[in-house]
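Everything below concerns the one structure shown next.
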Amino acid sequence: TQLLEQSPQFLSIQEGENLTVYCNSSSVFSSLQWYRQEPGEGPVLLVTVVTGGEVKKLKRLTFQFGDARKDSSLHITAAQPGDTGLYLCAGVYYAGGTSYGKLTFGQGTILTVHP
Amino acid sequence: NAGVTQTPKFRILKIGQSMTLQCTQDMNHNYMYWYRQDPGMGLKLIYYSVGAGITDKGEVPNGYNVSRSTTEDFPLRLELAAPSQTSVYFCASSHAVFATNEKLFFGSGTQLSVL
Chain A
446 TQLLEQSPQF
456 LSIQEGENLT
466 VYCNSSSVFS
476 SLQWYRQEPG
486 EGPVLLVTVV
496 TGGEVKKLKR
506 LTFQFGDARK
516 DSSLHITAAQ
526 PGDTGLYLCA
536 GVYYAGGTSY
546 GKLTFGQGTI
556 LTVHP
Chain B
2 NAGVTQTPKF
12 RILKIGQSMT
22 LQCTQDMNHN
32 YMYWYRQDPG
42 MGLKLIYYSV
52 GAGITDKGEV
62 PNGYNVSRST
72 TEDFPLRLEL
82 AAPSQTSVYF
92 CASSHAVFAT
102 NEKLFFGSGT
112 QLSVL
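So the sequence lines, in the order shown, correspond to chains A and B. Numbering of the first sequence is given in my numbering, commencing with residue 446 and proceeding in unit increments. Numbering of the second sequence is given in my numbering, commencing with residue 2 and proceeding in unit increments.
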C-alpha cells in the first residue's frame with residue numbers, strides 16, 4: 446500500500462504570513478494532485494503536477510513536484526482568511542500488472558488564517 | 002449544473018441498522034467512487050466502479066456493498082451498522098480512472114453517526 450505523509454497536520458497563522466505544506470512518500474507517483482476542502486463540502490481539485498521538478502502557480506499558491514516524483518509541496522504567499530480550509534495531497538500510482546491507476550490521499554493539513 | 006449529488010446530508014443510525022447512501026451524477030462519467038473520511042486519516046477508498054454493472058473493492062470495503070445499475074447512480078449500502086462506520090462519506094466521479102490530469106468531482110458528503 447502506497448502511503449502519503451502530509452505535514453504539518455495543523456497550521457494556524459496570521460493574515461499576511463507565508464506557509465508551506467509538505468507531502469512525502471517512499472513511492473514514485475505518476476502524478477500528484479492537491480485538493481482544498483471547506484467544511485461541509487467535498488474536496489475540490491486545485492492542481493495536478495505530472496513531471497518531476499515541475500512547478501505550477503495558481504495566484505498566491507505555488508505547487509512543486511519533487512525531481513524523483515516522491516514528494517510535493519504547496520507554498521502560500523501572504524495568506525488570507527479565505528485560504529482557510531483542509532488541504533489534501535493525493536498521489537496517482539499504477540500498480541504493476543493492473544489496468545487501473547489508484548489515488549492515495551494524504552492525511553490532510555488543516556490551515557487556519559486569522560485576520 | 003448539479004454535478005455529484007449525495008443524500009442524505011446527515012444520518013444517525015443505531016448499531017445493527019442498515020441504510021443506503023445515495024449518489025447520482027449528471028456528467029455522464031463512467032467512473033464513480035465511494036470514500037470515507039475520518040479525522041486525521043485523509044480519504045480511504047471503499048468501492049469504485051468503472052461502468053454500469055462493474056464494481057470493485059477499494060482499501061476498506063468490509064461492512065459495505067455497492068451496485069451500479071446505471072451510469073448515473075452508485076448507491077452505498079451499509080448492512081449491520083457498527084460504531085466503526087461513523088464517518089463522513091464522499092461519493093466522487095471522474096471521466097477516466099485516475100489517469101494523469103484526470104480530476105475527481107466530489108459530492109458534498111454524508112455525515113453518518115452510528116450509536
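Note that beta-carbon positions come from the ideal geometry of N, C-alpha and C, so glycine has one too.
Secondary structure at residue 27 of chain B: coil, using DSSP grouped into helix, strand and coil. In this structure, the CA atom of residue 553 of chain A is about 18 Å from the CA atom of residue 106 of chain B.
No Cβ of chain B is located within less than 8 Å of the beta carbon of residue 453 of chain A.
The C-beta of residue 75 of chain B comes no closer than 8 Å to any C-beta of chain A.
Per the DSSP secondary-structure output, residue 108 of chain B pairs with nothing in a beta bridge.
By the CB criterion at 8 Å, residue 449 of chain A and residue 530 of chain A fall outside the cutoff. Bounds of the beta strand (DSSP E) holding residue 58 of chain B are 55-58. Of all residues in the region 46-59 of chain B, those with a C-beta nearer than 9 Å to a C-beta of chain A are 46, 49, 51, 57 and 59, reading in chain order. Within the region 480-500 of chain A, contact with chain B at the beta-carbon level (separation under 9 Å) is assigned to 480, 482, 485, 486, 487, 488, 489, 490, 493 and 495. Going by beta carbons, residue 50 of chain B and residue 91 of chain B fall outside the 8 Å limit.
If the five residues before and after residue 497 of chain A are omitted, its C-beta is found closer than 7 Å to the C-beta atoms of 510, 511, 512, 513 and 514, all from its own chain and listed in chain order.
Nearest neighbour of residue 13 of chain B by Cα position, chosen from B/82, B/104 and B/77, turns out to be B/82. Take the alpha-carbon of residue 460 of chain A and the one of residue 484 of chain A: they are about 20 Å apart. Across the region 522-537 of chain A, CB contacts with chain B closer than 7 Å involve 533 and 537, in sequence order along the chain.
Interface with chain A (8 Å Cβ-Cβ cutoff): residue 15 of chain B is excluded.
Sixteen is the threshold: when 16 or more other Cβ atoms of the shown chains lie within 10 Å of the Cβ of residue 30 of chain B, as they do, the residue is buried.
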